Amino acid sequence: MGAIIDSNEELKKHSVSDDHFRNIDITSKLWHDINMMQDKKRSGLRSFKRKTVMSIAVSCIFLASFTAYAATGHIQIFNSKGKVVVKTVDPSTTTLPAKLSNSLEEYRQRVLTVLKPGELAAYYIKDDYINKLNGYDTANPIKFGYLPIEYRSYEAFLTEQVRTSAPLLKKPGYLPKGISFSYGQVFPLGPQRYEREKYDKLEKNLMVKANSSKNEEKLFIEKLDWSKANNTFLYLANGKNSGAVIIQAGYALRLSLTQTPNASSEKIQLKHMEAIYINNKTGGDEIAWYDSKQSIAYSIWVNEEDLLSKKELQKMAESMITD
Numbered sequence: 001m002g003a004i005i006d007s008n009e010e011l012k013k014h015s016v017s018d019d020h021f022r023n024i025d026i027t028s029k030l031w032h033d034i035n036m037m038q039d040k041k042r043s044g045l046r047s048f049k050r051k052t053v054m055s056i057a058v059s060c061i062f063l064a065s066f067t068a069y070a071a072t073g074h075i076q077i078f079n080s081k082g083k084v085v086v087k088t089v090d091p092s093t094t095t096l097p098a099k100l101s102n103s104l105e106e107y108r109q110r111v112l113t114v115l116k117p118g119e120l121a122a123y124y125i126k127d128d129y130i131n132k133l134n135g136y137d138t139a140n141p142i143k144f145g146y147l148p149i150e151y152r153s154y155e156a157f158l159t160e161q162v163r164t165s166a167p168l169l170k171k172p173g174y175l176p177k178g179i180s181f182s183y184g185q186v187f188p189l190g191p192q193r194y195e196r197e198k199y200d201k202l203e204k205n206l207m208v209k210a211n212s213s214k215n216e217e218k219l220f221i222e223k224l225d226w227s228k229a230n231n232t233f234l235y236l237a238n239g240k241n242s243g244a245v246i247i248q249a250g251y252a253l254r255l256s257l258t259q260t261p262n263a264s265s266e267k268i269q270l271k272h273m274e275a276i277y278i279n280n281k282t283g284g285d286e287i288a289w290y291d292s293k294q295s296i297a298y299s300i301w302v303n304e305e306d307l308l309s310k311k312e313l314q315k316m317a318e319s320m321i322t323d
């Protein structure tokens, strides 16, 4: 799931991507987890891999202008204060060591096995290599896991968005022939960076459990209550692939779109909105934009090569924008 994940936002990340691991913080951990989950789904559907990272924040941003910076060949969108809110970036060259990546994934899977759909949990791994010696992420001992519910009923999906105050994500008014609603997911808003007291208390509880344990157990889990969502995913099917097209909406401060060497990007107009369109020579394309009225960043990406034309993808995106 494009842009959101892992602290509570980390939870959202409930599929965090390796190349963003160095940037994990209380706000990014949920997203970290979410990105991992979405990347795994995508990797089974296509040979190419494109990650969209959203920096989470419930703050209003107003887009002002769109520029390209020739030095890197990337495109940026600025808000009225001159800050970048949407941009294309190069693929990260940073990957986690296999030992660390495999260990984290093993524990993440163990956490998911004790969760019911819709449950969120914080967990601590009692392992010096993971917490102190790995050289990548040693500042965040508390990690998060979330097992999403797949809403196969469109009406139930909309109801859950309202119940959790999630970023509103409806089916596009226009769907190309053969494309239909598959399912939707809503991701929770977890402990925020400004809620340090709550996060510290959670960390203390888990550390006490770990330090007082008299057996060899290394994984300590605490389930968390949640009521607010920060990210929404909508999956469209094409008859063969239940995730042929993925649409993501999230309360965000920044949206970064990975542009691979064989891809090109350009500015396009979606009614009154400016957006970035990425054409991937070896995979599906992507469109992303920011809705200042709702303070929500949107992205649509295609998981199958040559599934949709640029015109169809742009028309789909435009049908999601209200005048």
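In this note's numbering, the protein residues as written are 1 to 323. By construction, the Cβ of each residue, glycine as well, lies at the ideal position given by its N, Cα and C atoms. The model shown is predicted, which means the values in this text are computed figures rather than measured ones.
Reduced DSSP secondary structure (H/G/I, E/B, other) of residue i
| i | result |
| --- | --- |
| LYS223 | strand |
| GLN269 | strand |
| THR322 | coil |
| ASP291 | strand |
| GLN259 | coil |
| GLU312 | helix |
| LEU307 | coil |
| ALA244 | coil |
| ALA317 | helix |
| ASN324 | Within the shown structure, residues of the chain are numbered from 1 to 323, placing residue 324 beyond reach of any answer. |
| SER212 | helix |
| ASN238 | coil |
Environment of residue i [buried if 16+ CB atoms lie within 10 Å]
| i | result |
| --- | --- |
| GLY173 | exposed |
| MET316 | buried |
| ALA156 | exposed |
| ALA98 | exposed |
| LEU206 | buried |
| GLU217 | exposed |
| GLN109 | exposed |
| SER265 | buried |
| THR159 | exposed |
| ASN211 | exposed |
| ARG254 | buried |
| SER256 | buried |
| GLU119 | buried |
| ALA139 | exposed |
| ASN102 | exposed |
| ASN231 | buried |
| LEU133 | exposed |
| LEU96 | buried |
| LEU168 | exposed |
| THR88 | buried |
Sequence-distant residues of the same chain with beta carbon closer than 7 angstroms to residue i, five excluded per side
| i | result |
| --- | --- |
| THR164 | VAL186, SER227, LYS228, ALA229 |
| ASP306 | none |
| GLY396 | Past the boundaries of the shown model lies residue 396; the chain is included only from 1 to 323, so the question cannot be answered. |
| VAL106 | Sequence inspection shows Glu at residue 106; the Val mentioned does not correspond to that position. Counting only Cβ-Cβ distances below 7 angstroms, and skipping sequence neighbours, we find nothing. |
| ARG196 | none |
Nearest-angstrom beta carbon gap, residue j and residue i [assumed within contact, 8 angstroms]
| i | j | result |
| --- | --- | --- |
| ILE300 | GLU286 | 7 angstroms |
| ILE296 | TYR251 | 6 angstroms |
| GLY73 | LEU112 | About 39 angstroms; that fails the 8 angstroms criterion. |
| GLY243 | SER182 | 7 angstroms |
6 angstroms Cβ shell around residue i - same chain, five flanking residues per side excluded
| i | result |
| --- | --- |
| LYS143 | TYR123 |
| PHE62 | Residue confidence for PHE62 is low, a pLDDT of 28 falling below 50, so the modelled location carries little weight and cannot support an answer. |
| PRO148 | GLN185 |
| TYR290 | LEU63, VAL85, VAL86, ALA297 |
| MET320 | PRO172 |
| ARG152 | TYR183 |
| VAL245 | LEU236, VAL302 |
| LEU100 | ASN134 |
| GLU312 | PRO176 |
Residue i beta carbon near the ligand ADP (any heavy atom closer than 6 angstroms)
| i | result |
| --- | --- |
| HIS272 | The ligand ADP is absent from the structure shown, which contains no ligands of any kind. |
Contacting residues, own chain, Cβ-Cβ under 8 angstroms from residue i (five flanking each side not counted)
| i | result |
| --- | --- |
| VAL114 | ALA121, ILE221 |
| ALA68 | Note that ALA68 has pLDDT 39, beneath the 50 cutoff, so the model's placement of it is unreliable and the number below is only indicative. So the list reads HIS74, ILE75, GLN76, LYS267, once near-sequence residues are dropped. |
| LEU270 | ILE287, TRP289, GLN314, ALA317, GLU318, ILE321 |
| TYR117 | One detail in the question is off: residue 117 reads as Pro in this sequence, not Tyr. LEU147, PRO148, ILE149, GLU150, listed in sequence order. |
| ASN262 | ASN280, LYS281, THR282 |
### Message
In chain order, what are the residue ranges of uninterrupted beta strand (DSSP E) at least 3 long that sit wholly in the stretch 130-203?
### Response
142-146, 180-188
### Message
In chain order, what are the residue ranges of uninterrupted alpha helix (DSSP H) at least 4 long that sit wholly in the stretch 68-136?
### Response
98-113
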